[in-house]
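Below: the structure, in structure tokens.
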Amino acid sequence: MKGNFVMEGADVHVHFKHCWWRILLILCAIGAFITTCVFNGLASSGPNGIFKQRTGSVSDQNLTEFTPAGWTFAIWGVIYFWQAAWLLYALSRIPRKSNTGYLYISPNTLHFIIFILYILNMGLNIGWLIIWDRGSFGWSLLVIFLMFLTIIIPMIITHILLQRNRPLYINSNRNADIWLVRAFVHNGFAIYGTWLYLAMLLNLTIWISQIYKDTQSITNASTAALSLVLVGIIIYFISENFIFYSSMAYTYTPWFVLIFALCGILSKNSNRTDIPDRNKSFTLALLIICGVLFVIRVILFVIRYMKRKIPTIRDP
Numbered sequence: 003m004k005g006n007f008v009m010e011g012a013d014v015h016v017h018f019k020h021c022w023w024r025i026l027l028i029l030c031a032i033g034a035f036i037t038t039c040v041f042n043g044l045a046s047s048g049p050n051g052i053f054k055q056r057t058g059s060v061s062d063q064n065l066t067e068f069t070p071a072g073w074t075f076a077i078w079g080v081i082y083f084w085q086a087a088w089l090l091y092a093l094s095r096i097p098r099k100s101n102t103g104y105l106y107i108s109p110n111t112l113h114f115i116i117f118i119l120y121i122l123n124m125g126l127n128i129g130w131l132i133i134w135d136r137g138s139f140g141w142s143l144l145v146i147f148l149m150f151l152t153i154i155i156p157m158i159i160t161h162i163l164l165q166r167n168r169p170l171y172i173n174s175n176r177n178a179d180i181w182l183v184r185a186f187v188h189n190g191f192a193i194y195g196t197w198l199y200l201a202m203l204l205n206l207t208i209w210i211s212q213i214y215k216d217t218q219s220i221t222n223a224s225t226a227a228l229s230l231v232l233v234g235i236i237i238y239f240i241s242e243n244f245i246f247y248s249s250m251a252y253t254y255t256p257w258f259v260l261i262f263a264l265c266g267i268l269s270k271n272s273n274r275t276d277i278p279d280r281n282k283s284f285t286l287a288l289l290i291i292c293g294v295l296f297v298i299r300v301i302l303f304v305i306r307y308m309k310r311k312i313p314t315i316r317d318p
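Note that the working numbering has the sequence shown beginning at 3, numbered continuously upward.
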């Protein structure tokens, strides 16, 4: 922690210094989030001076077999609530201290690169809303892919750094902060990242359907999107249960997003008579798979918790 504190003679009291550019990054991330919320409000209530139509109208006008019911998009409210929660938690770390420095500096769990990427993500979010509104689906696909990357990277970083810095939190009697990082930061990034993955696949499906325009191409594109959902489910299940099961033990929100979104897709398309049954059956199968894997995940969690192979209340 060189440069972050100075010791006065032989005095055992340590005086920590603030890092103002890191504080500025946190404040800029909060400002970027608030600005993005404003633009999302304008996009959902359009047309207005910036947007030509409501964001949901674009999906309705470019219907695919991967498009979820309108009520599914209400999840954005939950996502933004979780974003506000982790940002307020990050703000609360500024005046509080550990044994080695101010919490926003040490333990270095919320690395400064996280806030840089998050600010970039918020800018991309606003850009995507405008590009999507104009119907430029190829460019919006590129932007939402970058949005996905700028959330998944912070999610990975925070999982790694919390696992690495757990002893520092415990030695500083900051056990509660371990749980707050898991609840707000890890799950906040995870819920946002999972939804962005699904939104990216919807964007891809619409883009392909706009290129080829025939019904069979829309069906095939939707099948491809559902296949990529399956790939994502398998990769995530293996990662959280067999590779990083300790650091990801309390990251649950991806499962809720997947189940919620698949229910929305099934609700939208199950009664349609103008499409074949292939993707209806595929969506139902994915929903069942998600349910079964989630139950297995909970069982593995309970077994490992009882055997203390993952963090517990007594040993966070």
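Built from N, CA and C at the ideal position, the CB exists for glycine as well.
Here the structure is a predicted model, which means the values were calculated and not measured.
If you check the CB distance, Pro97 and Tyr104 come in under 9 Å. For Phe18, the secondary structure class from DSSP, reduced to helix, strand or coil, is strand. Of the other Cβ atoms in all chains shown, 16 or more fall within 10 Å of the Cβ of Gly266; this residue is therefore buried. Looking at the DSSP output, Lys99 sits in a beta bridge with Tyr104.
A residue is called buried once 16 or more other Cβ atoms fall within 10 Å of its Cβ, and Pro70 is buried on that count. In summary, Ala45 is buried, with 16 or more beta-carbon neighbours lying within 10 Å of its beta-carbon over all protein chains present.
For Trp22 and Leu29, the gap between their C-alpha atoms comes out near 11 Å. Relative to the Cα of Glu242, the nearest Cα in the group Trp181, Phe41, Asp279 and Arg299 belongs to Arg299. With a minimum length of 4 residues, the unbroken runs of alpha helix (DSSP H) contained wholly in the region 149–206 fall at 177–182.
The three-state secondary structure of Asp279, taken from DSSP, is coil. Taking C-alpha positions only, Thr152 is separated from Phe191 by approximately 10 Å.
For Phe262 and Phe18, the gap between their C-alpha atoms comes out near 46 Å. Taking one beta carbon from each stretch, the region 111–119 and the region 147–164 have 3 or more pairs nearer than 8 Å; the two touch. Cβ-Cβ distances below 8 Å link Pro318 to Arg168, Tyr171, Ile172, Asn177, Ile180 and Trp181 in the same chain, with the five nearest sequence neighbours on each side left out; the list follows chain order.
Linking Ile77 to Gln63 through their CA atoms gives a straight-line distance of about 21 Å. For Ile193 and Asp216, the gap between their C-alpha atoms comes out near 34 Å.
It is roughly 8 Å from the alpha-carbon of Ala86 to the alpha-carbon of Phe35. Judged by DSSP in its simplified three-state form, Asn123 adopts helix. Take Leu112, set aside five residues on each side of it, and the residues of its chain with a beta-carbon closer than 6 Å to its own are Ala92, in chain order.
Runs of alpha helix (DSSP H) with 4 or more residues, each lying fully within the region 228–283, are found at 255–271, listed in chain order.
Here Ile133 is near Val145, since their CB atoms are less than 9 Å apart.
When secondary structure is reduced to three states using DSSP, Asp135 falls in the helix class.
Less than 9 Å separates the beta-carbon of Phe68 from that of Leu204. Around the beta carbon of Lys270, 16 or more other beta carbons sit within 10 angstroms, so the residue counts as buried. Judged by DSSP in its simplified three-state form, Asp317 adopts coil rather than helix or strand. For Gln85, the uninterrupted alpha helix (DSSP H) run begins and ends at Ile77 to Ser94, by DSSP. With 16 or more neighbouring CB atoms inside 10 Å of its own CB, Val187 falls in the buried class. Leaving aside the five residues that flank Leu126 on each side, the residues in its chain whose CB is nearer than 6 Å to its CB run, in chain order, Val145, Leu148 and Met149. Judged by DSSP secondary structure, Gly58 falls within the alpha helix (DSSP H) whose first and last residues are Thr57 to Gln63. Note on geometry: alpha-carbon atoms of Trp257 and Gly234 lie some 11 Å from one another. Taking the Cβ atoms as the reference, Thr255 lies roughly 7 Å from Thr196, within the contact range of under 8 Å.
Sorting Ser100, Gly48 and Tyr106 by C-alpha distance to the C-alpha of Arg24 places Tyr106 at the top.
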